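Position one of the sequence shown corresponds to residue 371 (the numbering used here), numbered consecutively onward.
Every residue, glycine too, gets a C-beta built ideally from N, C-alpha and C.
Nothing here was measured: the structure is a model prediction, and the numbers come from that model.
Only one structure is covered here, and it is reproduced in the block below.
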Amino acid sequence: TDVDEHNIPLNFESDRAQVSGVVVSEACKAPSHWRSKKSLNEWLYEEGVPGIEGVDTRELTKRLRVHGVMMGVIAVSEDEVDIEDMKRRLAKAERYGEQDFVSMVSIKEPKIYGEGEEKVVLIDCGVKYGIIRELLKRGLKVIRVPYNTPASEILEYNPKGILVSNGPGDPKICVKTIQTVRSLIDEGIPMLGICLGVQIIALSLGGDTYKLKYGHRGQNKPCLDLKTGRNYITSQNHGYAVDPNSLKGSGLEVWMINADDKTVEGVYHESKPLLAVQYHPEASPGPYDTTFIFDLFAEKMEVKSRAA
Numbered sequence: 371t372d373v374d375e376h377n378i379p380l381n382f383e384s385d386r387a388q389v390s391g392v393v394v395s396e397a398c399k400a401p402s403h404w405r406s407k408k409s410l411n412e413w414l415y416e417e418g419v420p421g422i423e424g425v426d427t428r429e430l431t432k433r434l435r436v437h438g439v440m441m442g443v444i445a446v447s448e449d450e451v452d453i454e455d456m457k458r459r460l461a462k463a464e465r466y467g468e469q470d471f472v473s474m475v476s477i478k479e480p481k482i483y484g485e486g487e488e489k490v491v492l493i494d495c496g497v498k499y500g501i502i503r504e505l506l507k508r509g510l511k512v513i514r515v516p517y518n519t520p521a522s523e524i525l526e527y528n529p530k531g532i533l534v535s536n537g538p539g540d541p542k543i544c545v546k547t548i549q550t551v552r553s554l555i556d557e558g559i560p561m562l563g564i565c566l567g568v569q570i571i572a573l574s575l576g577g578d579t580y581k582l583k584y585g586h587r588g589q590n591k592p593c594l595d596l597k598t599g600r601n602y603i604t605s606q607n608h609g610y611a612v613d614p615n616s617l618k619g620s621g622l623e624v625w626m627i628n629a630d631d632k633t634v635e636g637v638y639h640e641s642k643p644l645l646a647v648q649y650h651p652e653a654s655p656g657p658y659d660t661t662f663i664f665d666l667f668a669e670k671m672e673v674k675s676r677a678a
């Protein structure tokens, strides 16, 4: 895997494939992109991820669009698959919202990136490398810590700012992270939340979150800035959202909404140096309309951004 000067993979957002399975209509057996090194099938085999092709993915998408997110199973058998048995086993399986995915994907030990003078502690709930890259572009030293790191340990780093990262699953399961963030907000240290991070911040201040019927998954999601009236095209990948009606008394104000369904896509605190967005300002992949979010964060830390 090609890496940059900070030993961060150039073409990946994680150390490994994070999905449990892949469903496609057709898997290309002979990839022709000039940078391709192997087929999708070869890569999934190396990563230990099962896949299935020959599926009418358009029909599958239509069903999910009508009925919402649902549990599914990929069955592999040399004989005829017993559909009823699969249904019974699926009914007994642990629900998506019951699983603590963050503990599975978070870093286990602190890791430091960059040589900058000003330090940002990144609470890793499943962070994308693109977020770390954007912080490094701004001349910051990034201290990546596990999701369950106590506030007292984070404060020992004497950070200029704190970033609560993206990650998978139901935010309400992240009890330790919510408690930590609540304590850190009280310290008045500038804070940025991204994706899961905005949900954790809202919960830490007494707000609420809920599961969307079907999540926002795509690179072309329009967001309306309620302060300026501007629309931004954003990259999104979330199945939960902040309940705007729960924010009264929290100190949080709705900053941005999804132009399609009006869900909350950004908040800021009325008196503390805190902002958070539901989308991915680092893109990776997607449009770069909102990379300025990292500059706003740098301003709150009183750090002069070096990003081009």
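Would you identify the three-state DSSP class for G467, choosing helix, strand or coil? helix
When you compare each of G576, V490, T633 to R508 by their alpha carbons, which one comes out closest? V490
Name the DSSP beta bridge partners of A611, please? Y580
Does the structure place the stretch 620 to 633 close enough to the stretch 662 to 671 that three or more beta carbon pairs sit under 8 angstroms? no
Quick one, which of M440, E526, L510 has its alpha-carbon nearest K583's? M440
Write down the C-beta distance between G496 and S476 rounded to the nearest angstrom, noting that I regard them as a contact closer than 8 angstroms. 6 angstroms
Can you name the residues that DSSP bridges to A461? DSSP lists no partner for A461.
Among V389, V472, D455, L492, which has the Cα closest to the Cα of K481? L492
Here's the rule: buried if 16 or more other CB atoms are within 10 angstroms of the residue's CB, otherwise exposed. What is R503? buried
H403 classed as buried or exposed, judged by whether at least 16 other C-beta atoms fall within 10 angstroms: exposed
Assuming I570 contacts V551 under a Cβ cut-off of 8 angstroms, what Cβ separation, rounded to an integer in Å, is found between them? 6 angstroms
Just tell me which of N518, E417, T633 has its CA closest to the CA of N615. T633
Output the residue ranges of the beta strand (DSSP E) runs that lie fully inside the stretch 488 to 568 and measure 3 residues or longer, sorted by chain position. 489 to 494, 511 to 516, 531 to 534, 561 to 564
Do I548 and G531 count as a contact pair if the criterion is CB distance below 9 angstroms? no
Beta strand (DSSP E) containing N628: first to last residue? 622 to 628
Straight-line gap, V446 to K407 (C-alpha atoms, nearest Å): 27 angstroms
Which of helix, strand or coil does DSSP assign to R587? strand
Flag this pair as yes or no: are the beta carbons of A397 and E416 separated by less than 9 angstroms? no
Mind listing, in chain order, the continuous beta strand (DSSP E) runs of no fewer than 3 residues lying wholly within the stretch 395 to 454? none
Distance between beta carbons of S473 and A521, contact taken as under 8 angstroms: The pair is not a contact, with the Cβ atoms about 18 angstroms apart (cut-off 8 angstroms).
Endpoints, alpha helix (DSSP H) assigned at A686: What is shown of the chain runs 371 to 678, which leaves residue 686 out entirely.
What span of residues does the alpha helix (DSSP H) with K481 cover, start to end? Element bounds for K481: not the alpha helix (DSSP H) but the beta strand (DSSP E), 481 to 483.
Rounded to the nearest angstrom, what separates E352 and I513 at their Cα positions? Residue 352 is absent from the structure shown; the chain starts at 371 and stops at 678.
Is A653 buried or exposed, if buried means 16 or more other CB atoms sit within 10 Å of its CB? buried
Burial state of A461, where buried means 16 or more other Cβ atoms lie within 10 Å: exposed
Return the Cβ separation of T604 and P657 in integer angstroms, given the expectation that the two are a contact with Cβ distance under 8 angstroms. 7 angstroms
Going by DSSP, which residues form a beta bridge with P592? I603
Kindly indicate which three-state DSSP category V393 falls into: helix, strand or coil? strand
Go through its chain and collect everything with a Cβ distance to H650's Cβ below 6 angstroms, but skip five positions before and after it. S605
Return the first residue and the last residue of the alpha helix (DSSP H) that E669 is part of. 662 to 670
My understanding is that G621 touches E640, with C-beta atoms under 8 angstroms, so please give their C-beta distance in whole angstroms. 5 angstroms
Buried versus exposed, by CB contacts within 10 Å (16 or more), I453: exposed
Below 8 angstroms on the Cβ atoms is my guess for V419 versus V373; work out the distance and round it to an integer in Å. So it is not a contact: roughly 22 angstroms between Cβ atoms.
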